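Enquirer: Mapping to UniProt numbering: the sequence shown position 258 is 258, numbers consecutive. Okay, handing you the structure first.
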Amino acid sequence: MDAIIDGDVASSHLSNWHSINWKATSCAVSRMQARIAKAAKDKQWRRVKRLQKLLVRSTAAKATAVRRVTENQGRRTPGVDRATWSTPAAKWNAINSLQRKGYKAKPLRRIHIPKARGGTRPLGIPTMKDRAMQALYLYALDPVAEAYGDIHSYGFRSFRSTADAAAHLKTCLSTKTSSRWVMEGDIKGCFDNISHDWLMKHVPIDRHVLSQWLKAGFMEDRKLFPTDAGTPQGGIISPVLANIVLDGLGRLIDALPRRNKCNFVRYADDFVITGASAEILERKVKPIVVKFLAERGLTLSESKTKITHMDEGFDFLGWNFRKFGNLLLRRPSKQNTNAFMAKIRSQLRLLRGSTQDDVLHVLNPIIRGWGMYHQVVNASEPFARLDHLIHHAVWCWAKRRHPTKGLRWIKRRYFRRNKSRDWIFGVGKHTLMRLSSLKVGEYIKVRSDVSPYDPKDESYFNQRLQYRMKRSLTGKRKLLWLWTKQEAKCACCGRKLTSTSWHIHHKVFRVYGGSDRLSNLVLLHTTCHEQLHARARLRLSPPPIDEGGL
């Protein structure tokens, strides 16, 4: 373990975890993944297997897996053993516990979560150790999955998103000669019905470990239930397993004659296939899909799988795609829009007795998140209409708070005006976000021929990451300036930052007189930030901060 540990740190449990050199750890894992991806691309399967074994046995990969499961949103949610690795000592011990020999997965803890349309759906929660083992083996599996994934599969893949799927659909449907018919595919219970036999035969991963996850079962009401089909529910590795199962369908569709105008787009288990006519989709395409899925233990939902003309339009990933003559319009779907406004109104009901500042703190993240998701389509008109509905909702909230006051008094109390606008709901500089303030523009789709594990594509993905962050940090000038100056890298370890894995750090701590000026700020990973402060508490030398912004 010395290779990833700084030698100048004391050997206590706390310093051991916080002294891990994450830059060296990340580089070691990335290099091995690049070698696995190249071997898979060259179809050197014995070499792939050997490299995968080296990776999952490495301390670097184990430490990275533990870090991953102790940083994500579910880190405080225990499995059936009720264990959470919340201390540096527990994390350190967890690294050594990730061994193939003698490994036996524990059953999932079954809970039920509410659906957006009412009712509930089951969710399985693995133990922390099972999550970490899945994360560890995912590092070995994902490079192979990427090498052979469908080029127009966009779900649960690095640097791909729903926006890329929408952009590709636009390319397929926007011209005069484009397909006029679409098949909306819906797989019945995809994650719950995948054949275990197919997975065991075709997934390039250690079969003993894979079988442990597949056959672990789940606990509900203190009873153990076996699992005979499906991927591990709630598992980190489940989306990649599902992608491997469904990869290959796109190649079958692309192999059809060009005159059929068949194009395939998939996001996780949702897919769309275009065609020149309803007859081609029904007689040629659908049988291919049915046969492909049957080999994997899956079936199409007859009631939800539809063949639709573009004049009627269809919904996909929360957007509605519809043609008016030769013009393709992509807008937020009616169902998605209604759900958004229902959430705004329900939050306002819950905030009936709260202050205006509380309302702003609750509503603004909801509005911003929904708006940023939909700003990649033709959303200008829907944004303006929804701004009006949101304004009406907060006006009703204000009137309910003061039933005995006049409308002018309520207006003066909760709404302001500036040189260009009136009726601005806000307190001081903190105002209600308007969807119309978001820039609606064309989204640049990720190239289909690149891989996140190919070193020659590194610079392209750096540009993509900065492009996406600049879109998501619009208006936050300090963050954008720091992000650009540091070239989207952590100033401590040099690894890439993401939209959720960064903290602002004061180079001179504020308690020692440091200011909030840009010259005193850098962006760090969450763990790097915690490590730096842990060293400061122990009066150890902190990791170096690059004054030049990398």
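Cβ atoms here follow ideal geometry from the backbone N, Cα and C, with glycine treated the same way. The model shown is predicted, which means the values in this text are computed figures rather than measured ones.
(1) Considering only residues of the same chain and omitting the five flanking positions on each side of L214, which have a CB-CB separation below 6 angstroms?
(2) Using CA coordinates, which residue listed in P122, A268 and R110 is at the minimum distance from T162?
(3) Enumerate in chain order the residues of its own chain whose CB-to-CB distance from H505 is below 6 angstroms, with the five nearest sequence positions on each side excluded.
(4) So, G230 versus N193, is the Cβ gap smaller than 8 angstroms?
(5) Going along the chain, which residues of its own chain have a beta-carbon closer than 6 angstroms to the beta-carbon of G371, five neighbours each way excluded?
(6) Sort L532, S346 and T59 by Cα distance to K507 and report the nearest one.
(7) Do R330 and N378 have their beta-carbon atoms positioned less than 8 angstroms apart in this structure?
(8) Pop quiz: Y103 and V209 are said to be a contact at Cβ under 8 angstroms. What is the actual Cβ separation, rounded to whole angstroms?
(9) Mind pulling the alpha helix (DSSP H) runs of 4 or more residues that sit fully within the segment 98-180?
(10) Classify Y467: buried if its beta carbon has 16 or more other beta carbons within 10 angstroms, exposed otherwise.
(11) Helix, strand or coil for R75, going by three-state DSSP, please let me know.
(12) With distances taken Cα to Cα, identify the nearest neighbour of H168 among K456, Y443 and K485.
(13) When DSSP labels each residue in this structure, what does I273 get in the three-state scheme?
(14) In whole angstroms, what is the alpha-carbon distance linking T526 and A89?
(15) Mind checking D422: buried by the 16 CB within 10 Å criterion, or exposed?
(16) Determine the closest residue to R160 out of I344, E146 and S303, with distance taken between C-alpha atoms.
(17) The alpha helix (DSSP H) spanning P382 covers which residue range?
(18) Find the nearest neighbour of P365 within the set T431, N336, E381 and K304, judged by alpha-carbon distance.
(19) Taking L55 as the reference, which of K43, R100 and Y154 has the closest Cα?
(20) Measuring CB atoms only, is the segment 384-400 touching the segment 341-348, in the sense that at least three cross pairs come out at less than 8 angstroms?
(21) Closest by CA to A94, which one among D130, F292 and F415?
(22) Between L363 and chain C, is any beta-carbon pair separated by less than 8 angstroms?
(23) Can you list, in chain order, the residues of its chain with a C-beta nearer than 8 angstroms to that of S301? Leave out the 5 residues immediately preceding and following it.
Expert: Short version:
(1) H196
(2) A268
(3) Within the same chain, V522, L524 and H529 come within 6 angstroms of H505 by CB-CB distance, once the 5 residues on both sides are set aside.
(4) yes
(5) L435 and L438
(6) L532
(7) In this structure, R330 lies closer than 8 angstroms to N378 by Cβ.
(8) 6 angstroms
(9) 128-147 and 162-173
(10) So Y467 counts as exposed.
(11) coil
(12) Y443
(13) I273: strand per DSSP, three-state reduction.
(14) 18 angstroms
(15) The residue is exposed, with fewer than 16 neighbouring Cβ atoms inside 10 Å.
(16) E146
(17) S380 to R401
(18) T431
(19) R100
(20) yes
(21) Nearest option by C-alpha distance: D130.
(22) Going by chain labels, chain C is absent from the structure shown, which holds only one protein chain.
(23) D186, I187 and K188
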